[in-house]
Amino acid sequence: MMNETDIKDSMKATLSIEKRNEVLKTMASLLEEKSQLILSANATDMGSYDPNDRAMYDRLKVDEVKIQGMIASLSQLASQEDPLGKERFSFVHENGLKIQNRTAPFGTVLIIYESRPDVTVEAAGIAFKSGNKILLKGGKESLNSNRAIVDLWHEALRHNAVDPEWVRYLKLDRQETQEFLKNPSEKVDLIIPRGGDKLIQFVKQNASCAVIVSGRGNNFAYVHREADPETAIRIIVNAKTDKISACNALDKVLIDSKLPNFEEFVADLQVALKEKGVEMLMGLELSSGSETAVGKEDPIWYEEFLDYKILIDSVESEQEAIDRINTYGGGHSATVITQDESFAIQFMDQVDAAAVYHNASTRFTDGFQFGLGGELAISTDKLHQRGPIGLEHLVTNKWYVYGEGQIR
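Going by this note's numbering, the letters in the sequence shown line up with residues 6 to 413, in that order.
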């Protein structure tokens, strides 16, 4: 074990890939070994929260399944290649200069998030593996859970002779957070907000450095006239009800009016969703009077529900479906259910979303499911990365130029 001076020296340079991997493996072991400490801390947080807010309650809750997900994320991260120092471009100038562009860490990444204690593991793990120092600012509702997890980070870092300052938790109130964003007391290179629109706007308005927006969902499914009805119902029910608090959950369904046995399909879909306790809002043409009727230009089309609620409407054409999704969707995920592969390609090319699907649930828009070892965020921005931001995306770049006395 290295002494305190050696540990402090670990803050002066990027840690080796071997050292980073060992910290991740140690953290995974500690999560397994001390899971009861996290569950106990989370129980304290849960006891102070209103269970009527089902989406936030689901995000806040930590159980054995979530802990195993955290462990799996860290294990997958530790097995992946080093994202740093990868050559992106090389060029030899006519004067002999050798020019290379390679990946490099951002430096210090601040993650501001609401409720989700698993972010304290997965997002921090990705940022750490990418060679960055991490500042964490969680919500007050998850303070006990987050502190328990950060304590384990510090234990994992010390065990591997790495300064615990690589992962720090900021206990700041709203006013203090606003001041820190505007005038940080230390260098911050990148900020990533994880939460609702209010948090995202708060960060964007106050931040003095680059921000990657982890945007809202408001995801769509289009049941094409060539869809298999059973497949469509299975996908829609899964995407809506598997996890209502997830940003990849389904909110809106468009059904082609030319679908064979259209009325029977709509009725079967309603039965399947009702069995799962889903409240259904219906387009004017589909409403029978027992559900809330919604017009085609109602502002609710822009909303992300994060609840057992779904809006279903009919469309007259393929282009109408694509246009509706591009107008109202959150730019997150959209799926088309069809046996017409030619149209599926057209849909996936023309729909403006970070992830587009053919015959699959939108619930797969997730860094771990996409093989990234978890995710730092799911960005709906188009710069610098769109969709799940994993290990290889949380890097910037740097130019290396090798000469022998050349001048211009």
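Every residue gets a Cβ at the ideal spot worked out from N, C-alpha and C, and that includes glycine.
A quick note: this is a predicted structure, and the numbers were derived from the prediction, not measured.
Three-state secondary structure (DSSP) at residue i?
i              : result
methionine 6   : Confidence in methionine 6 is poor, its pLDDT being 41 and thus under 50, which makes the residue's placement unreliable; the coordinate value appears in the next sentence. Residue state, collapsed to three classes: coil.
alanine 212    : coil
glutamine 324  : helix
alanine 359    : coil
valine 427     : What the structure shows of the chain is the stretch from 6 to 413, and residue 427 is not part of that stretch, so it cannot be assessed.
valine 400     : coil
arginine 93    : strand
methionine 16  : Its pLDDT being 48, under 50, methionine 16 is placed unreliably by the model, and the measurement read from it follows with that caveat. Methionine 16: coil per DSSP, three-state reduction.
serine 293     : coil
tyrosine 407   : strand
aspartate 11   : Residue placement at aspartate 11 is flagged as unreliable, the pLDDT there being 49, under the threshold of 50; the coordinate-derived value follows with that caveat. Three-state DSSP puts aspartate 11 in a helix.
isoleucine 412 : coil
Relative to the alpha-carbon of residue i, which residue among the options has its alpha-carbon at the smallest distance?
i              : options                        : result
leucine 278    : Pro304, Asp312, Gln41          : Asp312
tryptophan 158 : Gly143, Ile139, Lys145         : Ile139
isoleucine 116 : Ala109, Thr125, Thr108         : Thr125
tyrosine 333   : Gly408, Glu397, Met51, Phe225  : Phe225
valine 217     : Arg391, Ile131, Lys30, Leu274  : Going by the sequence as given, residue 217 is isoleucine instead of valine. Nearest of Arg391, Ile131, Lys30, Leu274 to isoleucine 217, Cα basis: Arg391.
alanine 414    : Gly408, Thr401, Tyr405, Val341 : This structure cannot speak to residue 414, because the chain is shown only from 6 to 413.
asparagine 188 : Ile327, Thr340, His98, Cys214  : Cys214
proline 56     : Asn165, Leu204, Ser250         : Ser250
leucine 399    : Glu409, Ile412, Leu195         : Leu195
aspartate 256  : Asp247, Ser262, Ile197         : Asp247
arginine 413   : Leu29, His98, Gly74            : His98
isoleucine 305 : Pro234, Ile327, Gly335         : Gly335
proline 265    : Ile240, Met287, Ala232         : Ala232
leucine 274    : Val242, Cys252, Gly282         : Val242
lysine 91      : Asn106, Thr297, Gln344, Gln85  : Asn106
glycine 52     : Arg329, Ser150, Gln374         : Ser150
leucine 44     : Phe111, Ala83, Ile154          : Ile154
glycine 408    : Phe96, Lys24, Arg239           : Phe96
glycine 201    : Leu396, Gly144, Pro234, Lys281 : Gly144
aspartate 50   : Ala60, Gly112, Pro122, His164  : Pro122
valine 193     : Arg59, Val114, Val299, Gly294  : Val114
Are residue i and residue j touching if we call contact CB-CB under 7 Å?
i                 : j              : result
leucine 65        : serine 135     : no
glutamate 160     : leucine 35     : yes
glycine 378       : proline 393    : no
serine 384        : alanine 358    : no
glutamate 127     : serine 80      : no
leucine 175       : lysine 209     : no
valine 361        : isoleucine 104 : no
leucine 186       : tyrosine 227   : no
isoleucine 342    : alanine 237    : yes
serine 120        : alanine 382    : no
asparagine 100    : glutamine 355  : no
valine 70         : asparagine 47  : no
aspartate 87      : isoleucine 22  : yes
threonine 367     : alanine 244    : yes
asparagine 211    : glutamine 183  : yes
lysine 203        : arginine 230   : no
glutamate 290     : serine 322     : no
lysine 403        : alanine 109    : yes
lysine 5          : glutamate 346  : As shown, the chain starts at 6 and ends at 413. That puts residue 5 outside it, with no answer to give.
methionine 287    : isoleucine 317 : yes
phenylalanine 270 : proline 234    : yes
valine 28         : asparagine 165 : yes
arginine 221      : glutamate 309  : yes
State the start and end residues of the unbroken beta strand (DSSP E) segment that holds residue i.
i              : result
isoleucine 383 : 382-384
arginine 173   : 172-174
glutamate 284  : 284-288
glycine 376    : Note, glycine 376: premise wrong, no beta strand (DSSP E); not H, not E.
isoleucine 2   : Residue coverage of the chain in this structure runs from 6 to 413, which leaves residue 2 outside it and unanswerable.
How would you write the range of the alpha helix (DSSP H) that residue i sits in, first residue to last?
i          : result
lysine 279 : 267-280
Could you tell me whether the Cβ of residue i comes closer than 7 Å to any Cβ of chain C?
i            : result
tyrosine 405 : As a matter of chain content, chain C is missing from the structure shown, which is built from one protein chain.
**Study point:** Sequence ranges, beta strand (DSSP E) only - wholly within the stretch 179-259, length at least 3
**Key:** 195-199, 224-228
Practice item. Scan the stretch 97-160 and note each continuous alpha helix (DSSP H) run of 4 residues or more that stays entirely inside, going in chain order. Key: 124-134
**Study point:** Ordered list of beta strand (DSSP E) runs contained in the stretch 296-353, each at least 3 residues
**Key:** 297-299, 314-320, 338-342
Practice item. Go through the stretch 32-91 residue by residue and report every complete run of the alpha helix (DSSP H) that reaches 4 residues or more, in order. Key: 40-52, 59-65, 69-84
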